[in-house]
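Encoded as structure tokens, the structure appears first; notes follow it.
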Amino acid sequence: MVLEVALIDVVPGQEDEFAAAYRTAYPVLRDTAGCRSVRMTRGVESPSRFVLLVEWDSVEAHEVNFRQTERFAQWRGLIGPYFAGPPLVEHFADVPA
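See below:
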């Protein structure tokens, strides 16, 4: 399992519209093969900053099953208009205790 972390800065004043677009776009991401969970959080100190957390079976599940498909274009078409700039996206793996 890998965790995709996307730092998304939204155009100030469009946070509510972005959140509404995310609610519409959520099933597009959630229903992708290899997607285990999806969570969006919003900054307390920086309310125009959002963090998307997605658990994938693998980096390949994210890249092949989502990013290289029409699902990504649909997802980005819904939420992308509210971006203040390109999101910073990285994958992370758990560190064993």
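Numbered per our numbering, the sequence shown finishes at 97, counting up by one with no gaps. All C-beta atoms in this analysis are idealised placements derived from N, C-alpha and C, irrespective of residue type, glycine included.
Whether residue i touches residue j by CB criterion (8 Å)
i: V89; j: A6; result: yes
i: V10; j: F50; result: yes
i: E15; j: S46; result: no
is_contact[residue i, chain B] using C-beta, thresh 8 Å
i: A61; result: In the structure shown, chain B cannot be found, because there is only a single protein chain.
Where residue i falls, given that 16 or more other Cβ within 10 Å makes a residue buried
i: M1; result: exposed
i: A93; result: exposed
i: A115; result: This structure leaves residue 115 out entirely; the chain is present only between 1 and 97.
i: V95; result: exposed
i: V28; result: buried
i: A21; result: buried
i: V59; result: exposed
i: A25; result: buried
i: V38; result: buried
i: A61; result: buried
Three-state class that DSSP yields for residue i in the structure shown
i: E90; result: strand
i: T41; result: strand
i: V10; result: strand
i: V95; result: coil
Cβ distance (whole Å) where residue i is taken to contact residue j below 8 Å
i: E17; j: Y82; result: 6 Å
i: D181; j: R36; result: Because the chain here runs from 1 to 97, residue 181 falls outside it and cannot be looked at.
i: I8; j: L52; result: 6 Å
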